[in-house]
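Student: Residue numbers (the working numbering): 117 to 685. Structure below; questions to follow.
See the structure below:
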């Protein structure tokens, strides 16, 4: 039986040389197969892993045999050398089709239809009008449970978030004094949410373009140390500063891809990956563009650029330094048998790639300056940078059909659109709860039972290890306005720090952790046993250092305020 196979490589190529255009796969029994390698888009590679799919071209109806274990395959490049970074982790398409049971999908469909009919029958205008708060809380709880148990239910959280948002606003329109009031509230919420969505859309596209031009090789290829303990610190520090400019998800993908080239598969490499997660979350907390939660707080006016950098740099650095110091004492970091791979490419970046890197990073850094100069929302500065980069890539790749994938239209098709839709659904849902006054009631309850604002912010960070930090911060913004806590108050800075770094305590607590889990196939309980204690120590030390710094009036040197335009809001 003749076989034609397709190998989809799931290792991000941002910080490593491109995969070969063709390769040979052989079984250990030496039965030859023909293979072509098709690289995935950089923003989606880590999710897909490595897929091995074989389609039969034989006319015989013989059912396919179950796939062999992943160890039964080796990936060979065109020179015949095995690539140790690749493995096969999914069943073949033939085996899937032969063993597919549609009854499970039918049962899910019937369950959804039944729930929808029951909900339609139970909810009526009179009941919702009299019990609006109860109805909205129930819908939000059900929707959020669907998001938390996304993997178990096999429902994408973006779809659940959008459905939840629409249902909540329908209930709000029924329970509001009039439909016009609900429409006005929805328009105001949409205006606020759109600023964040446009900002993320522009930022993710710029990062994708820079990544497609292998811009991050300039950072990763300059890491030359092979000492295990030194490498642990270098990886942590580099990730910390890279994440302050990029988002923590992109930083994690770039750095874990680098680790795959530096260190062979081992417990030590897993430990380094955990360092990347902690450093990415810590690095994103002290700048307004390093994490989506700090971006939300910055766009809505709770924090300003200079104050957040002055106030949170020391706590963020401490929250990374403490886990690094503790991890340096582990047997993995002190093992004498650790050997580093020499797979890093020594190729120099082309002038066009250097130009795109400079313009892309400059566009990201220019956003706070643009806001201070013009007073316009940050997303306008981000769209300005995207427009400049769009024209630049069109010009430098004009007439080159083979480089179309490096232009913005192709980059837009590769960004994490479903992630943006998830943020849209969550923020619209939180907006409905805020419009109905439910978040204000929750804030009053917390104030009455937890009078210390520092404890509330700390609890938000602990909760972010289990619950996504985006809705947590959005809910906090709805619970407390600027009259309760003014701009740049200790509360908002502590919320930004805790929500950003608290997710490191569990591997599922942040986008960086989930990316690391998917790329390195790390088990939840391995991270819990090996890393969670270190992350918790760093989290607590960061909070203590922040409170101490505020009492002692310690922060970054005030001379930073002399940097042009940065001191603006």
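Glycine included, each C-beta is placed from N, C-alpha and C at the ideal position.
Quick check: what's the CA-CA separation for residue 349 versus residue 440?
Tutor: Numbered from its first residue, the chain shown carries residue 349 at position 233. Numbered from its first residue, the chain shown carries residue 440 at position 324. Cα to Cα, residue 349 sits roughly 7 Å from residue 440.
Student: Nearest to residue 513 by CA position, among 316, 325, 270, is which residue?
Tutor: In the chain shown, residue 513 corresponds to position 397, counting from 1. Minimum Cα distance to residue 513 is reached at 325.
Student: Leaving out five residues before and five after residue 410 in sequence, what residues of the same chain have Cβ atoms less than 6 Å from its Cβ?
Tutor: Taking the chain shown and counting its residues from 1, one reaches residue 410 at position 294. Correct list, in chain order: 404, 612.
Student: For residue 559, which residues in the same chain have their Cβ closer than 7 Å to its Cβ, ignoring the five residues on either side in sequence?
Tutor: Residue mapping note: residue 559 aligns to position 443 of the chain shown, counting from 1. Answer for residue 559: 595, 596, listed in chain order.
Student: Around the Cβ of residue 639, are there at least 16 other Cβ atoms within 10 angstroms (buried) or fewer (exposed)?
Tutor: Reading the chain shown from its first residue, position 523 is the one you call residue 639. Its Cβ having fewer than 16 others within 10 Å, residue 639 is exposed.
Student: Just list the alpha helix (DSSP H) runs in the region 432-515, keeping only unbroken ones of 4 residues or longer that don't cross its boundaries, in chain order.
Tutor: The region 432-515 contains, as complete alpha helix (DSSP H) runs of 4+ residues, the segments 447-450, 467-490, 494-512 (chain order).
Student: Classify residue 545 as helix, strand or coil using the three-state DSSP reduction.
Tutor: Residue numbering aside, residue 545 sits at position 429 when the chain shown is read from its first letter. Three-state DSSP puts residue 545 in a helix.
Student: Curious, which full-length alpha helix (DSSP H) runs of at least 4 residues does the region 586-663 contain?
Tutor: Listed in chain order, the complete alpha helix (DSSP H) runs (minimum 4 residues) inside the region 586-663 are 606-617, 627-636, 640-646.
Student: Less than 8 Å separating the beta-carbons of residue 263 and residue 273?
Tutor: Within the chain shown, residue 263 is the residue found at index 147, counting from 1. Within the chain shown, residue 273 is the residue found at index 157, counting from 1. Yes, they are a contact pair.
Student: Determine whether the Cβ of residue 496 lies closer than 8 Å to any Cβ atom of chain D.
Tutor: Among the protein chains of the structure shown there is no chain D, as only one such chain exists.
Student: Tell whether a beta-carbon distance below 8 Å holds between residue 359 and residue 389.
Tutor: Working through the chain shown from its first residue, we reach residue 359 at position 243. Working through the chain shown from its first residue, we reach residue 389 at position 273. The answer is no: Cβ separation not under 8 Å.
Student: Alpha carbon to alpha carbon, what distance is there between residue 650 and residue 442?
Tutor: Translated into the one-based positions of the chain shown, residue 442 becomes position 326. Translated into the one-based positions of the chain shown, residue 650 becomes position 534. C-alpha separation (whole angstroms): 7 Å.
Student: Taking the alpha helix (DSSP H) that residue 330 falls in, what are its first and last residues?
Tutor: Indexing the chain shown from 1 puts residue 330 at position 214. First-last for residue 330: undefined, no H or E at that position.
Student: Decide if the region 605-621 is in contact with the region 565-573; the criterion is three or more beta carbon pairs, one per stretch, under 8 Å apart.
Tutor: yes
Student: From this set, 542, 598, 470, 271, which residue's C-alpha is nearest residue 416's C-alpha?
Tutor: Translated into positions along the chain shown, residue 416 becomes position 300. Minimum Cα distance to residue 416 is reached at 598.
Student: Counting Cβ pairs, one atom from each stretch, are 3 or more of them under 8 Å apart for the region 478-494 and the region 294-302?
Tutor: no
Student: Pick helix, strand or coil for residue 315, following the three-state DSSP scheme.
Tutor: For the purposes of this step, residue 315 is taken as residue 199 along the chain shown, with counting starting at 1. Looking at residue 315 - three-state DSSP - the assignment turns out to be helix.
Student: Buried or exposed, going by whether 16 or more other CB atoms sit within 10 Å of the CB of residue 330?
Tutor: The sequence position of residue 330 within the chain shown is 214, counting from 1. By the neighbour-count rule (16 or more Cβ atoms within 10 Å), residue 330 is buried.
Student: Return the first residue and the last residue of the alpha helix (DSSP H) that residue 250 is part of.
Tutor: For the purposes of this step, residue 250 is taken as residue 134 along the chain shown, with counting starting at 1. Segment 248-264, the alpha helix (DSSP H) holding residue 250.
Student: Would you mind working out which of 544, 228, 296, 328 sits nearest residue 526, comparing C-alpha positions?
Tutor: Residue mapping note: residue 526 aligns to position 410 of the chain shown, counting from 1. That would be 328, whose Cα lies nearest to the Cα of residue 526.
Student: Our contact map puts residue 622 next to residue 581 with C-beta atoms below 8 Å; I'd like the distance itself, whole angstroms only.
Tutor: Taking the first residue of the chain shown as 1, we reach residue 622 at position 506. Taking the first residue of the chain shown as 1, we reach residue 581 at position 465. That belief holds up - the Cβ atoms of residue 622 and residue 581 are roughly 4 Å apart, short of 8 Å.
Student: Just curious, the alpha helix (DSSP H) that residue 363 is in, first and last residue?
Tutor: Locating residue 363 in the chain shown gives position 247, where the first residue counts as 1. Careful: residue 363 lies outside any alpha helix (DSSP H) and carries neither H nor E.
Student: Counting Cβ pairs closer than 8 Å, one from the region 389-401 and one from the region 365-378, do we hit at least three?
Tutor: Per the Cβ contact rule, the region 389-401 is in contact with the region 365-378 (3 or more Cβ pairs under 8 Å).
Student: What is the DSSP secondary structure of residue 565, counted as helix, strand or coil?
Tutor: In the chain shown, residue 565 corresponds to position 449, counting from 1. Looking at residue 565 - three-state DSSP - the assignment turns out to be helix.
Student: Among the residues of its own chain, which have a CB less than 7 Å from the CB of residue 269, if the five just before and after it don't count?
Tutor: The residue given as residue 269 occupies position 153 in the chain shown. Closer than 7 Å at the Cβ level, and outside the excluded window around residue 269, lie 262.
Student: For residue 448, collect the residues of the same chain with a Cβ closer than 7 Å to its Cβ; drop the 5 residues on either side in sequence, then sort them by chain order.
Tutor: Mapped onto the chain shown, residue 448 falls at position 332. 383, 384, 387, listed in sequence order.
Student: Excluding sequence positions up to five away, which residues of its chain have a Cβ less than 8 Å from the Cβ of residue 285?
Tutor: Taking the first residue of the chain shown as position 1, residue 285 is located at position 169. Within the same chain, residue 285 has close Cβ partners 298, 302, 544, 548.
Student: Less than 6 Å between C-beta atoms, sequence neighbours within five positions excluded: which residues of the same chain meet that for residue 470?
Tutor: Sequence index remark: in the chain shown, residue 470 carries index 354 (1-based). Scanning its chain for C-beta atoms nearer than 6 Å, with the 5 sequence neighbours on each side dropped, one finds no residue around residue 470.
Student: Quick one: using the 10 Å Cβ neighbour count with 16 as the cut-off for buried, is residue 585 buried or exposed?
Tutor: Here residue 585 refers to the residue found at position 469 when the chain shown is read from its first residue. Classification for residue 585: buried.
Student: For residue 228, which of 604, 271, 246 has the nearest alpha-carbon?
Tutor: The residue you call residue 228 lines up with position 112 of the chain shown. Among 604, 271, 246, the Cα nearest to that of residue 228 is on 271.
Student: Residue 340 to residue 333, Cα distance in whole Å?
Tutor: Working through the chain shown from its first residue, we reach residue 340 at position 224. Working through the chain shown from its first residue, we reach residue 333 at position 217. Spanning the two alpha carbons is a distance of roughly 13 Å.
Student: So is residue 294 buried or exposed if we call it buried at 16+ other beta carbons inside 10 Å?
Tutor: Against the chain shown, residue 294 aligns to sequence position 178. Answer is exposed; the Cβ neighbour count stays below 16.
Student: Rank 412, 540, 432, 533 by C-alpha distance to the C-alpha of residue 654 and give the top, closest one.
Tutor: Indexing the chain shown from 1 puts residue 654 at position 538. Cα-wise, what sits closest to residue 654 is 432.
Student: Nearest-angstrom Cα distance between residue 498 and residue 319?
Tutor: To locate residue 498, count along the chain shown from 1; it is residue 382. To locate residue 319, count along the chain shown from 1; it is residue 203. Approximately 7 Å, taken between the alpha carbons.
Student: Mark residue 445 as exposed unless 16 or more other C-beta atoms lie within 10 angstroms of its C-beta, in which case mark it buried.
Tutor: Start at 1 with the first residue of the chain shown, and residue 445 comes out as number 329. The residue is exposed, with fewer than 16 neighbouring Cβ atoms inside 10 Å.
Student: In its own chain, which residues sit with a C-beta less than 8 Å from the C-beta of residue 520, not counting the 5 before and 5 after it?
Tutor: Residue mapping note: residue 520 aligns to position 404 of the chain shown, counting from 1. The answer, listed in chain order, is 513, 526.
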